[in-house]
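Q:
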Amino acid sequence: MKTSLAESTETLQIKPLKDEFGAQIENVDLQSADDATLEKVVQAFRLHGAILLRNQTMEPDDLMRFISAFGEPELHTQKNYCLPGYPHIFRLSNMTDEDGNALGAHNDGVGWHTDYSYKAEPVMSTMLYAVEVPDEGGETLLADQVAAYNDLSEDRKAQLDPLKIHHSYVHFVENREFNSYQLTDEQRQDNPDVIHPMIRVHPADGRKALWISTGTVKHIIGMEDDEAFKLVDELIEYVTQPKYVYAHKWQQGDVLMWDNRCTLHTGSLFDDKKYKRMAHRLWVKGEKPIPVKIK
Numbered sequence: 097m098k099t100s101l102a103e104s105t106e107t108l109q110i111k112p113l114k115d116e117f118g119a120q121i122e123n124v125d126l127q128s129a130d131d132a133t134l135e136k137v138v139q140a141f142r143l144h145g146a147i148l149l150r151n152q153t154m155e156p157d158d159l160m161r162f163i164s165a166f167g168e169p170e171l172h173t174q175k176n177y178c179l180p181g182y183p184h185i186f187r188l189s190n191m192t193d194e195d196g197n198a199l200g201a202h203n204d205g206v207g208w209h210t211d212y213s214y215k216a217e218p219v220m221s222t223m224l225y226a227v228e229v230p231d232e233g234g235e236t237l238l239a240d241q242v243a244a245y246n247d248l249s250e251d252r253k254a255q256l257d258p259l260k261i262h263h264s265y266v267h268f269v270e271n272r273e274f275n276s277y278q279l280t281d282e283q284r285q286d287n288p289d290v291i292h293p294m295i296r297v298h299p300a301d302g303r304k305a306l307w308i309s310t311g312t313v314k315h316i317i318g319m320e321d322d323e324a325f326k327l328v329d330e331l332i333e334y335v336t337q338p339k340y341v342y343a344h345k346w347q348q349g350d351v352l353m354w355d356n357r358c359t360l361h362t363g364s365l366f367d368d369k370k371y372k373r374m375a376h377r378l379w380v381k382g383e384k385p386i387p388v389k390i391k
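Here it is in structure tokens:
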């Protein structure tokens, strides 16, 4: 007899992060968890779109074992802030070494977006592990794009379903507010512009999500730029209403992971003169976004 996704997570202690979105998984020690327990965590992720596990102690090898349970780890566009010896572990931090060199990317990920939206196959999921956290500020916000899509009127869905977005890494870097840097010829070559659907169909169960973003959006196909960016602004305002957003207040040892196929996220600022932050970010490879079938 086939086991349903919900049944496969029954032995986990789970409570929602917000309403019907996300899951906080309790009483699981990821460092010592066996493969069967990790598989249940994976199933909970697939069912709920985001998971949180608190009070974890994760060495780099533990992080790699955990992320590999979800699929093949993805490499990062920027290489200079990866943990030495671990190219799949990217550091987010305002800390420096003894010579004053930055240990991580600071204020990276501020602005509503989905990771690797400028790639032909955007990452499936993002995981953050909190090594050191500020006492205040620096929250990570997740927006439930499935609920946002479901609440649209049928006329609005019919308007948005066929739309396609032109995403550009070059456009993103040249217009970003934080951590502006010069693109290398290799980065330009490795990150050509791509076209993705505005409404994305989840491959696991067919649920539809508004897949609007900021930063990488250069055009909406078939629209004048003024009209296109007005629509982007309207949709971002809509999908980031408080009823769709989970705001995560970080604690040291938190592992937070979300499905980029059905969420948007943003970091938030903190007093970086007063507090230190260090987080490790890992990605899982994804697939080409599936558009809605237009009848």
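Residue numbers (our numbering): 97 to 391. Where a beta carbon is used, it is the ideal one built from N, C-alpha and C, also for glycine. All values derive from a computational prediction rather than experimental measurement.
1) Using a Cβ distance threshold of 8 Å, determine whether the segment 114 to 121 contacts the segment 140 to 150, with at least three qualifying pairs required.
2) Among the residues of its own chain, which have a CB less than 7 Å from the CB of Met-97, if the five just before and after it don't count?
3) Taking Cβ positions, are Phe-162 and Leu-134 nearer each other than 8 Å?
4) At 3 residues or longer, and completely inside the segment 306 to 377: list those beta strand (DSSP E) runs for me, N to C.
5) Out of Ile-261, Thr-280 and Asp-301, point me to the one whose CA is closest to Val-269's CA.
6) At the level of alpha carbons, what is the spacing between Ala-375 and Ala-239?
7) Measuring straight from C-alpha to C-alpha, what distance separates Cys-178 and Glu-232?
8) Where does Glu-168 sit, in a helix, a strand or coil, going by DSSP?
9) Cα separation between Ile-110 and Val-124?
10) In three-state terms, what does DSSP make of Ser-100?
11) Using the beta-carbon count (16 or more within 10 Å), is Ile-308 buried or exposed?
12) Going by DSSP in three states, Thr-192 sits in which element: helix, strand or coil?
13) Shortest alpha-carbon distance to Ala-243 belongs to which of Glu-194, Val-341 and Pro-288?
14) Compute the Euclidean distance between the alpha carbons of Ile-316 and Pro-387, then round it to the nearest angstrom.
15) Please classify Thr-192 as buried or exposed, where buried requires at least 16 other C-beta atoms within 10 Å of its C-beta.
16) Within the continuous alpha helix (DSSP H) that includes His-267, where are the two ends?
17) Taking C-alpha atoms, which residue in Met-223, His-292, Ile-332 and Thr-312 lies nearest to Glu-37?
18) Would you identify the three-state DSSP class for Glu-404, choosing helix, strand or coil?
19) Restricting to Cα atoms, I'd like to know which of Arg-373, Tyr-214, Tyr-371 and Glu-155 is closest to Ser-172.
20) Give the secondary structure of Met-154 by DSSP, where H, G and I count as helix, E and B as strand, and everything else as coil.
21) Who are the near neighbours of His-298 in its chain, counting only those whose CB is closer than 6 Å to its CB and skipping five residues on each side?
22) Gln-348 to Asp-204, Cα distance in whole Å?
23) Could you pull the DSSP bridge partners for Ser-221 from this structure?
24) For Asp-394 and Arg-284, what's the separation of their Cα atoms in angstroms?
25) Should Ile-295 go down as buried or exposed, given a rule of 16 or more other Cβ atoms within 10 Å for buried?
26) Which same chain residues, not among the five before or five after Leu-306, have their C-beta less than 6 Å away from its C-beta?
27) Buried or exposed for Gln-139, please, with buried defined as at least 16 other CB atoms from any protein chain shown within 10 angstroms of its CB.
A: From the atom records:
1) yes
2) Because Met-97 carries a pLDDT of 33, less than 50, the predicted location of this residue cannot be relied on, and no value is offered for it.
3) yes
4) 313 to 316, 341 to 344, 351 to 355 and 359 to 363
5) Selected option, being the one with the closest Cα: Thr-280.
6) 20 Å
7) 26 Å
8) When secondary structure is reduced to three states using DSSP, Glu-168 falls in the coil class, being assigned neither helix nor strand.
9) 10 Å
10) Bear in mind that a pLDDT of 44 at Ser-100, under 50, signals an unreliable position, so the number given afterwards is only what the model happens to contain. Here Ser-100 sits in coil by DSSP.
11) buried
12) DSSP, read as helix, strand or coil, puts Thr-192 in strand.
13) Val-341
14) 15 Å
15) Exposed: under 16 other Cβ atoms inside 10 Å.
16) 265 to 271
17) Missing from the structure shown is residue 37; the chain here goes from 97 to 391 and no further.
18) Outside the displayed range of the chain (97 to 391) lies residue 404, so it cannot be described from this structure.
19) The question names Ser, but residue 172 in the sequence shown is His. Among Arg-373, Tyr-214, Tyr-371 and Glu-155, the Cα nearest to that of His-172 is on Tyr-214.
20) coil
21) Arg-357 and Cys-358
22) 19 Å
23) Residue pairing by DSSP puts Ser-221 in a beta bridge opposite Asp-355 and Val-380.
24) As shown, the chain starts at 97 and ends at 391. That puts residue 394 outside it, with no answer to give.
25) buried
26) Gln-241, Ala-244, Tyr-245 and Val-335
27) buried
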